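Student: Per our numbering: the sequence shown = residues 1 to 342.
No residue lacks a Cβ here, since even glycine has one placed at the ideal position from N, Cα and C.
No experiment lies behind these values; they were computed from the predicted model shown.
After the structure tokens below, expect a handful of questions from me.
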Amino acid sequence: MYNGKGTTAAEARVSAMMEAIERYSAEVRNMKFLMDRYSELSGTENVLNPKELIIPDYVKNAEEVRIPWVRGYDLIQDEEIYVPANAVFHPMPSEYDRVRLFRTNTNGLASGNELEEAIFHGLSEVIERDAWSLVEITRNTGAVVNIAERKILNLTHKFSDADVSLLIRDITSEIGVPTFAAVSDDTLLRYPALLTIGMGTHTDARVALNRAITEVAQSRLTQIHGAREDTASADMRRIMGYEWMRKSNKLWFDTSAKKDFKDVNYFSFDNDDFLADITHIVKLITGAGLERVIVVDLTRKEIGMPVVRVIVPGLEMYAVDADRLGRRCKNARSSRVHRAKS
Numbered sequence: 001m002y003n004g005k006g007t008t009a010a011e012a013r014v015s016a017m018m019e020a021i022e023r024y025s026a027e028v029r030n031m032k033f034l035m036d037r038y039s040e041l042s043g044t045e046n047v048l049n050p051k052e053l054i055i056p057d058y059v060k061n062a063e064e065v066r067i068p069w070v071r072g073y074d075l076i077q078d079e080e081i082y083v084p085a086n087a088v089f090h091p092m093p094s095e096y097d098r099v100r101l102f103r104t105n106t107n108g109l110a111s112g113n114e115l116e117e118a119i120f121h122g123l124s125e126v127i128e129r130d131a132w133s134l135v136e137i138t139r140n141t142g143a144v145v146n147i148a149e150r151k152i153l154n155l156t157h158k159f160s161d162a163d164v165s166l167l168i169r170d171i172t173s174e175i176g177v178p179t180f181a182a183v184s185d186d187t188l189l190r191y192p193a194l195l196t197i198g199m200g201t202h203t204d205a206r207v208a209l210n211r212a213i214t215e216v217a218q219s220r221l222t223q224i225h226g227a228r229e230d231t232a233s234a235d236m237r238r239i240m241g242y243e244w245m246r247k248s249n250k251l252w253f254d255t256s257a258k259k260d261f262k263d264v265n266y267f268s269f270d271n272d273d274f275l276a277d278i279t280h281i282v283k284l285i286t287g288a289g290l291e292r293v294i295v296v297d298l299t300r301k302e303i304g305m306p307v308v309r310v311i312v313p314g315l316e317m318y319a320v321d322a323d324r325l326g327r328r329c330k331n332a333r334s335s336r337v338h339r340a341k342s
């Protein structure tokens, strides 16, 4: 079962449908893979080294493991490139368990009415997960954002009218694409599973804010109805209790640092063309020292809705998979430690 989010019922229905299409399109089904070792395939083809995907420490000799590969396209280098299928499909069939590099996930999996829209949404998500990962590793949850925008305030009032507190935090990374986290607490019920969070990333800061707020509303609905597989983590929260969960996540609810929305909005790229948005984001990514933006087209002919997997080697996903800790997280954690000592 899939659910969706939006400021209207129609938007939410479309969101749920698109997620269902994404998940269907990401399944392997009858696809045949090229099976080879990186050390051998790289001698004849353009291939992404599995190590660039931030693999867990327990995976040894990844370059010598015979794994499944699929062809993608690098937007920065303007070339086709083979990438591990493990980074593209979700889930991978059990027959590939012995050569699994890491747990599969949906990071960068996105759909759209056109291919460019799908790529844009995929890019936004991998940047969002990277920003979230940096927050988790540094425990720097960013400043609380004071909202003065009427349309956004109307959304936040829906929470306060239901006795649900809502804080918006600016977690934009140095890449510079507006990213927000919305955290909520049901102050009336004080129920641990309803301490929820939502994220939003977009070139337009207002849209990013809107997405974070609607996602935290979706997270509440998920916990109330138990409608998705990720509610398993909520079971632990129920066991630990409200006070313990609130205390362990106190940094998300801290209000000592604040900023006005206008101080975040300068990151906005005001535009209505997805190709221009993609070009803008790719420029920011290269400016952060990252060298590849890989897109794998997963569109199914029987559906016809564009679906892609976007992979940016080097961007973090520690918040999604704690076994995968990359250079950006390690550097951020090291900087935090040095600042604490000075």
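#1: Answer with buried or exposed for Lys262, where buried requires no fewer than 16 other C-beta atoms within 10 angstroms of its C-beta.
#2: Buried or exposed: where does Ile303 fall if 16 or more other Cβ atoms within 10 Å of its Cβ makes it buried?
#3: Tell me which residues share the same chain as Lys250 and place their Cβ nearer than 8 Å to its Cβ, disregarding the 5 neighbours each side in the sequence.
#4: For the beta strand (DSSP E) containing Lys258, list its first residue and its last residue.
#5: Quick one: grab the DSSP three-state call for Ile213.
#6: Could you please give the first and the last residue of the uninterrupted beta strand (DSSP E) stretch that includes Glu79?
#7: Terminal residues of the continuous alpha helix (DSSP H) containing Tyr242?
#8: When DSSP builds the beta bridges, which residues end up paired with Gly198?
#9: Run through DSSP, which three-state label would Leu109 get?
#10: What whole-angstrom Cβ distance do Ser184 and Ser165 have, given they're in contact under 8 Å?
#11: For the structure I just gave you, are there three or more beta carbon pairs, one from the segment 261-279 and one from the segment 298-315, closer than 8 Å?
#12: According to the Cβ coordinates, are Phe120 and Phe253 closer than 8 Å?
#13: Measure the Cβ-Cβ separation of Thr172 and Ala131 and say whether it is below 8 Å.
#14: In chain order, what residues of the same chain lie with their CB nearer than 7 Å to the CB of Leu298, ignoring the 5 residues before and after it?
#15: Taking DSSP as the reference, what is the three-state secondary structure of Ser165?
#16: Using C-beta distances below 8 Å, list every residue in its chain close to Glu229, excluding the 5 sequence neighbours before and after it, in chain order.
#17: So for Lys50, helix, strand or coil by DSSP?
#18: Figure out for me which residue from Glu95, Arg300, Ile239 and Arg333 has the closest Cα to the Cα of Glu316.
#19: List, from N- to C-terminal side, the beta strand (DSSP E) runs of 3 residues or more that fit wholly inside the segment 271-297.
#20: Could you pull the DSSP bridge partners for Asp36 from this structure?
#21: Quick one: using the 10 Å Cβ neighbour count with 16 as the cut-off for buried, is Met236 buried or exposed?
#22: Restricting to Cα atoms, I'd like to know which of Thr214, Tyr96, Arg327 and Lys32 is closest to Leu167.
#23: Classify Asn248 as buried or exposed, calling it buried when 16 or more other Cβ atoms lie within 10 Å of its own Cβ.
Tutor: Per the coordinate set shown:
#1: Locating residue 262 in the sequence shown gives position 262, where the first residue counts as 1. Classification for Lys262: exposed.
#2: In the sequence shown, residue 303 corresponds to position 303, counting from 1. Looking at its Cβ environment, which holds fewer than 16 other Cβ atoms inside 10 Å, Ile303 is exposed.
#3: Against the sequence shown, residue 250 aligns to sequence position 250. So no residue of the chain qualifies.
#4: Locating residue 258 in the sequence shown gives position 258, where the first residue counts as 1. Segment Lys258 to Asp260, the beta strand (DSSP E) holding Lys258.
#5: Here residue 213 refers to the residue found at position 213 of the sequence shown. Correct three-state label for Ile213: helix.
#6: Here residue 79 corresponds to residue number 79 of the sequence shown, with the count starting at 1. It spans Glu79 to Pro84 - the beta strand (DSSP E) in which Glu79 sits, taken as one unbroken run.
#7: As a working note, residue 242 is residue 242 in the sequence shown. Looking at the DSSP string, the run of the alpha helix (DSSP H) that includes Tyr242 is Tyr242 to Ser248.
#8: For the purposes of this step, residue 198 is taken as the residue at position 198 of the sequence shown. Gly198 is bridged to Ala182.
#9: The residue labelled residue 109 in the question sits at position 109 within the sequence shown. Looking at Leu109 - three-state DSSP - the assignment turns out to be strand.
#10: Here residue 184 refers to the residue found at position 184 of the sequence shown. Here residue 165 refers to the residue found at position 165 of the sequence shown. The pair is a contact, with the Cβ atoms about 6 Å apart (cut-off 8 Å).
#11: no
#12: Here the question's residue 120 lines up with position 120 in the sequence shown. Here the question's residue 253 lines up with position 253 in the sequence shown. No; because the gap between Cβ atoms is not below 8 Å, this pair is not in contact.
#13: Here residue 172 corresponds to residue number 172 of the sequence shown, with the count starting at 1. Here residue 131 corresponds to residue number 131 of the sequence shown, with the count starting at 1. Contact flag set, yes.
#14: Within the sequence shown, residue 298 is the residue found at index 298, counting from 1. Closer than 7 Å at Cβ, skipping near neighbours: Ser25, Ala26, Val307, Val308 and Arg309.
#15: Taking the first residue of the sequence shown as position 1, residue 165 is located at position 165. Residue state, collapsed to three classes: strand.
#16: In the sequence shown, the residue the question calls residue 229 occupies position 229. Summary for Glu229: the model assigns pLDDT 48, below 50, so the residue's position carries little reliability, and this model does not support an answer.
#17: The residue you call residue 50 lines up with position 50 of the sequence shown. One point to set straight first is that residue 50 is Pro, not Lys, in the sequence displayed. Of the three classes helix, strand and coil, the one that applies to Pro50 here is helix, per DSSP.
#18: Residue numbering aside, residue 316 sits at position 316 when the sequence shown is read from its first letter. For Glu316, the nearest C-alpha among the options comes from Arg333.
#19: 294-297
#20: Locating residue 36 in the sequence shown gives position 36, counting from the first residue. Per DSSP, Ile67.
#21: Along the sequence shown, one-based indexing puts residue 236 at 236. Under this definition Met236 is an exposed residue.
#22: Your numbering for residue 167 matches position 167 in the sequence shown. Of the listed residues, the one whose Cα sits closest to Leu167 is Thr214.
#23: Here the question's residue 248 lines up with position 248 in the sequence shown. In the sequence as presented, Asn is not what sits at residue 248; that position holds Ser. Exposed, by the Cβ-count rule.
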